[in-house]
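Take a look at the structure set out below.
Residue numbers (mature numbering (1 follows the signal peptide of the UniProt record, and there is no 0)): -22 to -1, 1 to 165.
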């Protein structure tokens, strides 16, 4: 009896877990789509995708198809894009207006190596909106680019590589633990 009850709970709860906790996407690139895409999406959907790429990378997200129910300030069906707890965008509709934003050719970039995409629909649609198809990719962060960071990452030389960087010094200096190049003192 206990075993059959456990099995029943697993079979009943398992399909709901992605909706409750989100679909984890941990590859360096991928695609996400509204349920049923390219046909019309359903009512009362709340779906989350948690995109995570290795440290040293940010995430670029863009849409190849976008057709959601339009509404004032995207109150009904919409997509939210979040990074580090901050909302990058709230999207809906099929064409941009002064109260609705569609992605068009716009690219969205995370501030770190995580991004969350939330798709939410209300209880009804005026017509059969076909949803969305979005694509993401890990983009290497150039830690040596001084314009991208407030503080310099290295004192003398900065060497960027895929997923990270390292510092080095001019001859006659050594690299200290704080990434500052200090003069080599002769004894």
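Every residue gets a Cβ at the ideal spot worked out from N, C-alpha and C, and that includes glycine. Being a predicted model, the structure only gives us computed values, none of them experimental.
Taking the Cβ atoms as the reference, residue 49 lies roughly 15 Å from residue 109, outside the contact range of under 8 Å.
The beta carbon of residue 45 sits closer than 8 Å to those of 72, 107, 108, 109 and 110, all from its chain and outside the five residues before and after it, given in chain order. A distance of 9 Å or more separates the beta carbons of residue 131 and residue 148. Per DSSP, residue 94 is one residue of the beta strand (DSSP E) stretching across 92 to 98. 62 is the residue among 143, 62, 55 and 16 whose C-alpha sits nearest the C-alpha of residue 87. Taken through DSSP and simplified to helix, strand or coil, residue 51 comes out as helix. Residue 18 sits in coil when the DSSP states are folded into three classes, being neither helix nor strand. Taking every protein chain shown into account, the CB of residue 56 has 16 or more other CB atoms within 10 angstroms, so this residue is buried. When Cβ pairs closer than 8 Å are counted between the two stretches, the stretch 26 to 42 is seen to touch the stretch 81 to 97, the count reaching three or more. In the displayed model, residue 9 falls within a strand according to three-state DSSP. With fewer than 16 other Cβ atoms from the protein chains shown falling within 10 Å of its own Cβ, residue 162 counts as exposed. Nearest C-alpha to residue 150 among 134, 142, 69 and 139: 134.
The criterion of a C-beta distance shorter than 9 Å is satisfied by residue 99 and residue 23. In the assembly as shown, residue 53 is an exposed residue. Its beta-carbon has fewer than 16 other beta-carbons within 10 Å.
Residue 84 places its beta carbon 9 Å or farther from that of residue 144.
Between residue 10 and residue 112 the beta-carbon gap is near 5 Å, inside 8 Å, which marks them as a contact. Short of 8 Å from the beta carbon of residue 117, and not among the five residues preceding or following it, lie these beta carbons of its own chain, in chain order: 35, 36, 37, 38 and 87. Measuring C-alpha to C-alpha distances from residue 121 to each of 102, 101, 142 and 114 identifies 142 as the nearest.
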